[in-house]
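A.B. asks: In the numbering used here, the protein residues as written are 9 to 122.
What follows is a structure written as structure tokens; I'll ask about it next.
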């Protein structure tokens with residue numbers, strides 16, 4: 009099954025023996041066979057620090073926005089579990105900052121190849 013996860017982050021990744029990785033928490037997910045993208049209409053808490061710009065602006069989620077969240081998840085792993093944008097509170101201006109080019113800095117453990 010192909011899904012739009014909508015909440016990819018290290019808190020939703022389990023690692024088992026032999027480094028088998030499983031993604032959990034499909035509460036915000038949608039089936040890709042039904043939706044190419046979807047717009048979140050419910051007033052639920054959303055993981056804004058992991059969200060792509062289009063999700064921040066219009067609450068639209070897609071495979072592409074999951075790829076952005078995957079990048080933030082990789083950042084979490086290489087930063088040894090730090091919270092993305094720690095110390096930054098959610099404001100409407102956060103989306104403007106991302107649009108203007110604000111990005112997470114490369115963690116020390118991440119090589120240029122990552």
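We put the beta carbon where it would ideally sit given N, CA and C, even for glycine.
Every value quoted in this text rests on a predicted model; they were computed, and no experiment measured them.
(1) Give the range of the alpha helix (DSSP H) segment to which residue 100 is assigned.
(2) Would you call the segment 16 to 33 and the segment 93 to 108 touching, i.e. three or more CB-CB distances under 8 Å?
(3) Determine whether the beta carbon atoms of residue 106 and residue 36 lie at a separation below 7 Å.
(4) Counting C-beta neighbours from all protein chains within 10 Å, is the total for residue 16 16 or more, i.e. buried, or is it exposed?
(5) Where DSSP assigns a beta bridge to residue 94, which residues make up the other side?
(6) Compute the distance between the beta-carbons of residue 11 and residue 40, then report whether it is under 7 Å.
(7) Could you give the distance in angstroms between the alpha-carbon of residue 118 and the alpha-carbon of residue 86?
(8) Of the residues 27, 13, 63, 113, which one's Cα is nearest the Cα of residue 90?
(9) On the CB-based measure, 16 or more other CB atoms within 10 Å of its CB, does residue 109 come out buried or exposed?
C.D. replies: Let's see:
(1) 100 to 107
(2) no
(3) no
(4) buried
(5) Answer is none; residue 94 lacks a bridge partner.
(6) yes
(7) 6 Å
(8) 113
(9) exposed
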